[in-house]
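All you need for this note's numbering is the position in the sequence shown, starting with 1, plus 79. Glycine residues also receive a C-beta, built at the ideal position from the N, C-alpha and C atoms. The model shown is predicted, which means the values in this text are computed figures rather than measured ones. The next block holds one structure in the form of structure tokens; read it before the comments.
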Amino acid sequence: MSPSGLSECERRKGTGGYLPIEDYGLIGNMRTCALVGIDGSLDFMCWPDFDSPTVFGRLLDAERGGYFNISPAQGVQYTTKQQYLPSSNILQTRYIHEEGAMDLIDFFPRPKNTSVLSKQKQLPFRETVVVQDELKKWLVRRVECIRGYVDIDVEIFPAFDYARAEHTVEIHIPNRGHAEPESKTVTFSSKDLKLQLDVTIDKGDEDSVTCPLLKFRTVKKDKLLGEGVVAHIHLEEGQAISFVLRDDIPNHVTPDVTTEVLDTQQHDTQAFWYNWISKSKYKGRWREVVNRSLMILKLLTYEPTGAIIASPTFSVPEAIGGVRNWDYRFCWIRDSSFTIYILLRMGFTEEADSYMDFISDRFRKSRSPEGALPIMFTIRGETDIPELELSHLSGYRGSAPVRIGNGAAFHQQFDIYGELMDGIYLYNKYGKPVTWDQWVSVREILDYVLTIWKDPDMSIWEVRNNKQNFVYSKIMLWVAFDRGLRLSEKRCLPCPNRAAWMAARDEIYEEIMVK
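Here you go:
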């Protein structure tokens, strides 16, 4: 629980308008993610995918980045606590002050039901999770007064395309008189993206209670390239208001966002996460912590392709004021292999199946003529990841430069072959047997590793200077040969270059121990 008596502005004093990283909660839908601060401000979100430009980016520039804030009115002294609803990635932020209390619920909807269907009949072990119901690409923020009364400030200031694109704002007057009332309230329009804000109000169960009034007005802030909207709302106990941000629907006809619809979406999302985490095999004393970590890892999967990103953010510094601020919204062979290890051991084989489909496609399509694999891919499998500095953004707490893309994509990091082969070996052991095509790719990759294992590389630390003979890389190359040999032996798979693999494995071992 954070200290009491701190408003949003007061909480950010002394840090240049930034929250500590540990004061954020992560929400997502396996397409994108968002960071919601303990003060109610959504400070980071790329839309519609992980690697799309930011719409809200105050995390990386307090003045230019844009944000979506819902919190008690300015000047109100309150205590706040942030947590996830049980067994879910639905985030709850509770505000308590002398006159009342309110809950803020943040989530991306997920349909409750999924099924496993064969992807290609000729490859019986290639399966993928297919969502039966429609995945609504919505950001949902719901506020309910649970005691007394609360006065709430809402501020929505988007900054499209990494705060580089201008935008316009249009406020609509919902038509409450028709049988199908419109819920669209605000439209934010940039050159390449249009988002609409839908609002639904629940006045509570008491007939005598007046429906809360909501009136947005536009406001222009310095250093932002477009206007935002603000509103002040008074809620009594039992009253609630919900906000849905989504892609714009033309003609202002949006009859499908109601309190009942959002109740169903929240219930289905809760059920999805409960059903998913219930598959976990972990029964130890740290179950709550392990399950929370597993659900975060699940959020980092890109469901359409099976790719697993290293992080949903970019340019968050390793150290405040430092320059090692990289974009990690990509699929590293190393990081995704580590993720697959734990998901397999905890019983989540569907994610491993999807990832193996993804990486098997990369075996065929992304290797160099010599046989080398790139160290990373985009969430769609591309390998062209140019790095660009966004000089107009100041960076988290002044930690410049802010970068998108990643110049390490062309690096030679030989340790990836060990992590990859270990992942394939564990998949064969705890998931499903590798296919013949996958084994042929393994042989070709290890035959290539025979030609380069003595060469220097840039290794796991991604040094951006001269290559070196890193011990970690040599150990992981030993792992690569060892796992290939084990896989061949346990599955009785043909291995024409078995003797060469064994000789290289032993030579690496000897060299590491002697030197």
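Item, Value
"Between the CA atoms of Q345 and L467 - distance to the nearest angstrom", "38 Å"
"The stretch 244 to 253 in contact with the stretch 312 to 330 per 3-pair CB rule at 8 Å", "no"
"Element boundaries [alpha helix (DSSP H), containing G307]", "Run containing G307: none in the alpha helix (DSSP H); it sits in the beta strand (DSSP E), G307 to E315."
"For L314 and I231, believed in contact at Cβ under 8 Å, the rounded distance", "7 Å"
"Paired residues, beta bridge with W217 - DSSP", "R325"
"W155 versus S167: straight-line alpha-carbon distance, rounded", "Just to set this straight, residue 155 is Val in the shown sequence, not Trp. Roughly 30 Å between the two C-alpha positions."
"Spatially closest choice to C125 from N192, K444, K216 and I169, by CA coordinates", "K216"
"Contiguous alpha helix (DSSP H) assignments of at least 4 residues, all confined to the stretch 380 to 452", "412 to 424 and 428 to 444"
"Through-space distance from D347 to A180, alpha-carbon basis", "26 Å"
"Expected contact under 8 Å - CB spacing of I184 and R137 to nearest Å", "Their Cβ separation, rounded to whole angstroms, is 21 Å, which puts I184 and R137 out of contact at 8 Å."
"Every unbroken beta strand (DSSP E) within the stretch 94 to 155, with a cutoff of 3 residues, ordered by chain", "103 to 107, 112 to 116, 120 to 125, 133 to 135 and 146 to 151"
"Cβ-based neighbour list, D551, same chain, cut-off 8 Å, excluding 5 preceding and 5 following", "The sequence shown places Tyr at residue 551, rather than the Asp named in the question. Answer for Y551: D494, S538 and I539, listed in chain order."
"Identity of the residue in A559, R482, L276 and L566 nearest D585 by Cα", "A559"
"Proximity test, Cβ basis, 8 Å: I235 and chain D", "Judged by its chain identifiers, the structure shown contains no chain D, having just a single protein chain."
"Residue environment, Q517, which counts as buried when at least 16 other CB atoms sit within 10 Å", "buried"
"Three-state class that DSSP yields for V278 in the structure shown", "strand"
"Of the residues P575, I458 and K533, the one placed nearest E523, counting alpha carbons only", "P575"
"Residue interval of the alpha helix (DSSP H) (run including I375)", "R366 to L378"
"Assumed close pair F437, G385 - CB separation to whole angstroms, cut-off 8 Å", "4 Å"
"Where R226 falls: helix, strand or coil (DSSP)", "strand"
"Buried or exposed by the 16-neighbour rule on C-beta atoms within 10 Å, applied to Q162", "exposed"
"Rounded separation between L452 and P132 - CA only", "27 Å"
"Proximal residues to Y97 (C-beta, below 7 Å), its chain only, five neighbours per side dropped", "R91, A141, Y475 and R476"
"Given L164 as reference, the closest of E367, F129, V298 and T94 once Cα atoms are compared", "E367"
"Chain-order list of residues whose beta-carbon lies under 7 Å from that of I473 (same chain, five-residue window excluded)", "The identity of residue 473 in the sequence shown is Ser, whereas the question assumes Ile. Cβ neighbours of S473 beyond the five flanking positions: D140 and A479."
"Assigned secondary structure, Q349 (DSSP; H/G/I helix, E/B strand, else coil)", "helix"
"Separation of G307 from R441, as counted between CA atoms", "43 Å"
"Classification of I591 by the beta-carbon crowding that lies within 10 angstroms, buried from 16 upward", "exposed"
"Option in S120, M425, E101 and Y228 with minimal Cα separation from E177", "Y228"
"Beta-bridge pairing of R243 - partner residues as DSSP gives them", "Paired residue(s): none; R243 is not in a bridge."
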